[in-house]
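Report on the following structure.
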Amino acid sequence: MSFIPPPSTSHNMIPAWAAEAIPPRVGYLSRKALPIKRNDAEPLTREDVQYALLSYLFNNQRAVFTNPTNPKEPKLYFSDLYVTALYTSSKCSKVLKEKMLETPPFSIEFAKISLLTNVGRINTTMAFFPEMKTALRTYHPVPSLQKTDGNAQDAPRIKNCLKAAVLSSELKTAPPSTPEEVLAKLRAGQRPSTSVVNLIFVLANHAAPLSSVHFDGSLNFLDLFLPNTRFAAADRGKAFLWLLYHYLEDENAPNPFDDGYSKEHPGKIPQLRQLSTAEYQKENVDTPEEIQWGNMMSNQRNLFLQKLVSSIEVEKKARASAPHFVTGSLLHLF
């Protein structure tokens, strides 16, 4: 895979963006660096969730994916494929299913947050409703992905829903857990080879060894979802969809997400274009309304915590000042 730098006005051979230090690495430095890290009540920005990338994926209009519930039906967009996988999960509650049917925009927002959980950007310590009491999790408003009334889920419930999002044929046997096992299903004629959710888990878990298979060795699958890579969101989205098609549908036939480079280099993802600073700063810009809503929800969370702490203190004082009675068994000693 080669990368296309933005045009430079400099007369030397070093592109303008090269002076801005971007540390060389193979993917994220460790899995600890993958999840979004924010303090309680701190909003997750468009940059955090890579909103432009999510928008590209869920707005993509190429219907090329086999419907896992009925392979003979017309092909699906990625958005339909992913939402269907969540909806048919055995851990998707009745209330959540009803909300997804009643409010399609909610189902897309829920799917976007689920995808971030799927790849590990959102871990199981996060929750998305301000009245959360447990100290084991932190609350975070996500203004760009909470525009509908709802989405009051926490990451552990989302993760459970994802883990149960398997094909009907995988209910009695374990789904494939390695890229080789996924491709074996594909080569045996199974379309899709596994659920889209399970495939994403597999690709995330094997990001390092696949770095030199589908990438050039300097990046890997998880880097597609990380900020500060400076690669165009649309290009990263196309690379992601290319990988899904390669493993779910066909590893040999022309990939609908191919470009000239991937056609000439079988098994390699399409090119990723490096953004200039000006271009990079235009991606993932929070709107004033989102900033205002995020601050409002942060204040609501802080107020809730203050009231919660006060009520706990009152309860402690009440217990301390309560009269202590001598039990009947002790009275017999006197």
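Residue numbers (the working numbering): 1 to 334.
Backbone N, C-alpha and C define an ideal beta-carbon position, used for all residues, glycine too.
In this text the structure is predicted, and so the values were computed from the model without any measurement.
According to DSSP, is residue i helix, strand or coil?
| i | result |
| --- | --- |
| Leu76 | strand |
| Met347 | Within the shown structure, residues of the chain are numbered from 1 to 334, placing residue 347 beyond reach of any answer. |
| Thr124 | coil |
| Gln300 | helix |
| Gln271 | coil |
| Lys277 | The question names Lys, yet the displayed sequence has Thr at residue 277. The answer is helix: DSSP assigns Thr277 an H, G or I state. |
| Thr287 | coil |
| Phe65 | strand |
| Ile22 | Note that Ile22 scores a pLDDT of 39, beneath 50, so its modelled location is shaky and nothing firm can be said. |
| Thr88 | coil |
| Thr103 | coil |
| Thr148 | coil |
| Gly27 | Any reading at Gly27 must be qualified, since the residue scores a pLDDT of 49, below 50, and its modelled position is unreliable; no value is offered. |
Tell me whether the beta-carbon of residue i lies closer than 8 Å to the beta-carbon of residue j.
| i | j | result |
| --- | --- | --- |
| Pro141 | Ser298 | yes |
| Lys82 | Leu183 | The identity of residue 82 in the sequence shown is Tyr, whereas the question assumes Lys. For Tyr82 and Leu183, no; Cβs fall outside 8 Å. |
| Ala41 | Asn228 | no |
| Glu109 | Leu57 | no |
| Asn60 | Leu275 | no |
| Cys161 | Lys112 | no |
| Leu357 | Arg236 | Since the first residue of the chain shown is 1 and the last is 334, residue 357 is not available in this structure. |
| Phe304 | Glu131 | yes |
| Tyr87 | Lys99 | no |
| Val213 | Gly260 | no |
Output needed for residue i: all residues of its chain with C-beta closer than 7 Å, excluding positions within five of it in sequence on either side, in chain order.
| i | result |
| --- | --- |
| Lys343 | As displayed, the chain neither begins before 1 nor continues past 334, which places residue 343 out of reach and without an answer. |
| Thr178 | Val202, His206 |
| Arg137 | Thr125, Met126, Ala127, Asp154 |
| Val314 | none |
| Leu224 | Arg236, Ala239, Phe240 |
| Thr117 | Ala155, Ile158, Lys159, Leu162 |
| Ser107 | Val83, Met100 |
Who are the near neighbours of residue i in its chain, counting only those whose CB is closer than 8 Å to its CB and skipping five residues on each side?
| i | result |
| --- | --- |
| Ala21 | Any reading at Ala21 must be qualified, since the residue scores a pLDDT of 38, below 50, and its modelled position is unreliable; the value itself is stated next. Hits under 8 Å: none found. |
| Gly410 | This structure cannot speak to residue 410, because the chain is shown only from 1 to 334. |
Got a sec? Which residues, its chain only, sit under 6 Å from residue i by beta carbon, not counting five neighbours each side?
| i | result |
| --- | --- |
| Glu283 | Ala52, Ala233 |
| Ser195 | Ala85, Ala165, Val166, Leu167 |
| Thr66 | Arg191, Pro192 |
| Asp48 | Ile36 |
On the premise that residue j lies in contact with residue i, defined as a C-beta separation below 8 Å, what is that separation, rounded to the nearest angstrom?
| i | j | result |
| --- | --- | --- |
| Thr148 | Pro105 | 5 Å |
Under 8 Å between C-beta atoms, does residue i make it to chain D?
| i | result |
| --- | --- |
| Leu115 | The structure shown contains no chain D; it is built from a single protein chain. |
TODO: Would you list, in sequence order, the uninterrupted alpha helix (DSSP H) runs of no fewer than 4 residues that lie entirely inside the stretch 174-245?
DONE: Listed in chain order, they are 179-187, 196-205, 207-214.
Open item on the list: Which complete alpha helix (DSSP H) runs does the stretch 29-58 hold, if anything under 4 residues is left out?
Closed with: The stretch 29-58 contains these whole alpha helix (DSSP H) runs: 46-49.
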